[in-house]
Structure formats: C-alpha cells, structure tokens
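Beneath this line is the structure, given in structure tokens, with notes to follow.
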Amino acid sequence: LPADMLGSKFFGLTGHQHRLGTKFVAGKSTDVASPGTEIYMNTDWEHPPLKLYPDDAPLTFTAGEGFRWQCTYNNTTGNYIHFGQSAQTNEMCILWAYYYPSQGFRVIFQ
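First residue of the sequence shown: 5, per our numbering; consecutive thereafter.
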C-alpha cells in the first residue's frame with residue numbers, strides 16, 4: 005500500500021470479474037512473488053460476496069504489506085480475451101477495498 009494509506013482501516017472487500025471468471029483470490033502479502041495470507045476468495049463471478057470486517061477488528065497494514073490478488077478464467081470463446089468493460093467480450097480482475105478514514109475514491113496500480 006502507499007505510505008499514506010498505512011493508517012487506514014479496511015472494513016470490506018469484494019472482487020470483480022466478468023462471465024469467464026472462475027476464481028478470485030486476494031491476500032495480504034509482503035512480497036510481489038508471494039500470494040500471502042488469503043483474506044478473500046470467490047468462485048461466483050456473478051454474485052461476489054462482500055466480506056465485512058468487524059468494527060473492532062478492521063483489516064490493517066504495516067509498512068511493506070499490501071494486497072495481492074489473482075483471477076482465474078476459463079476462456080470458452082475461442083477468441084483472445086482483453087481487459088475491458090464489456091462483460092460479454094472482455095474480462096476484469098479488480099479488488100474493491102472499503103476503508104476509513106476516507107481519502108476519497110482511490111485507484112491504485114502498483
């Protein structure tokens with residue numbers, strides 16, 4: 005996570021895939037090569053659950069820790085699938101994390 009988010013308290017997580025998605029796994033990790041400790045998993049692309057953390061035990065991170073997520077797909081189309089917004093012709097692998105105190109909507113790619 006960026007240094008300015010280390011004091012954040014995460015209270016909810018959910019994944020987002022399109023129709024070819026078969027599995028979404030997110031972890032709390034200290035290394036880009038390691039999946040870390042699993043904190044979220046979903047196998048139903050159409051109905052991803054919202055994992056909620058209790059008010060008295062939100063998910064937190066220390067320096068060097070962050071999210072790592074991976075999506076698995078089954079391409080049954082015979083076409084090359086690109087990342088994109090169309091649920092019919094594209095795929096996505098997005099982790100939504102809800103946190104406080106708010107810093108507004110943040111999109112983070114690292």
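Glycine residues also receive a C-beta, built at the ideal position from the N, C-alpha and C atoms.
Everything numeric in this text was worked out from a predicted model, so none of it was measured.
Quiz item: Just how far apart, CA to CA, sit residue 59 and residue 101?
Solution: Whole-angstrom Cα-Cα distance: 15 Å.
Exercise. Specify whether the segment 81-96 and the segment 27-41 touch according to this definition: at least 3 beta carbon pairs, one from each stretch, less than 8 Å apart.
Key: Flag = no, the segment 81-96 and the segment 27-41 do not touch.
Quiz item: With 16 as the cutoff for other CB atoms within 10 Å, does residue 112 come out buried or exposed?
Solution: Burial call: exposed.
Quiz item: Alpha carbon to alpha carbon, how far is residue 99 from residue 63?
Solution: Rounded to whole angstroms, the separation of the alpha carbons of residue 63 and residue 99 is 15 Å.
Self-check item: Where residue 45 sits in the DSSP three-state scheme
Solution: Strand at residue 45.
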